[in-house]
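Our numbering puts the first residue of the first sequence at 97, with every later residue one more than the last. All C-beta atoms in this analysis are idealised placements derived from N, C-alpha and C, irrespective of residue type, glycine included. Following: one structure in structure tokens, then a few remarks.
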Amino acid sequence: MHLIVRVKDRVNYWLMKSEPEVYGIGNLERDRTTIWDGVRNYQARNFLKSMQVGDVAFFYHSNTNPPGIVGLMQIVAAQVVDPSQFDPDGDYYDPKSTPTAPRWHTVKVEFVRTFSNVITLATLRDRFTPAELLVVKQGNRLSVMPILDRVAEEILELSPAKG
DNA sequence: GCCAACGTTGGC
DNA sequence: GCCAACGTTGGC
């Protein structure tokens with residue numbers, strides 16, 4: 097049986113977590129772009145690898161009060177070799193990685209906007225089931241995850257731009 | 001600070 | 001290849 101796969105240009109949506117104490121949306125607004133380095137989980141890495149330029153990602157603040165989605169960013173470079181894997185003095189050094197055989201790829205993201213209010217985890221739990229949105233699942237530790245189009249659009253409706 | 005969830009490591 | 005021990009994430 098043959099399937100005709102129609103390849104269409106489409107935007108994929110993602111959610112990416114960071115602790116604001118380490119690197120928050122304010123840091124990204126200041127820097128405009130950043131390499132999303134330091135992810136050392138294979139499932140998260142595989143999602144990072146599948147991101148394409150133009151994809152949109154929600155910036156999620158974790159390990160803070162309240163946790164939640166705080167803004168938007170866009171993928172501006174894909175398949176970026178994570179430079180932190182080569183730094184022997186850094187927290188993310190991977191001695192098994194070499195420049196010719198890097199183990200960790202990531203993306204470069206660009207600031208789009210900060211939401212006027214945090215879309216808290218509690219709000220997300222009210223609106224979405226764990227099957228719809230993985231981040232609301234209890235005990236979820238994945239720091240990069242895909243977001244269904246329908247869910248992304250609903251989140252965007254909750255998020256007027258700041259100012 | 002506690003602890004549930006869960007990914008990773010390593011002994012066997 | 002199993003699985004107990006351990007370490008980390010991250011909400012609360």
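Contact annotation: the stretch 115-135 does not touch the stretch 221-235, with fewer than three C-beta pairs closer than 8 Å. Judged by their CB atoms, Leu111 and Ile243 are nearer to each other than the 8 Å cut-off. Distances from the alpha-carbon of Arg141 to those of Gly120, Val247, Leu238 put Leu238 closest.
Secondary structure of Glu206 (DSSP, three-state): strand. Rounded to whole angstroms, the gap between the alpha carbons of Glu206 and Ser146 is 17 Å.
Met241 and Ala227 have their alpha carbons spaced roughly 12 Å apart.
Using a Cβ distance threshold of 8 Å, Val176 and Val135 do not count as a contacting pair.
When the Cα atoms are used, Lys113 and Glu249 turn out to be separated by approximately 19 Å. Of all alpha-carbon atoms in Leu168, Gln170, Gly167, Pro195, the one lying nearest the alpha-carbon of Ser180 is that of Pro195. Annotated as proximal: Ile121 and Gly167, with beta-carbon spacing under 8 Å. When secondary structure is reduced to three states using DSSP, Asn213 falls in the strand class.
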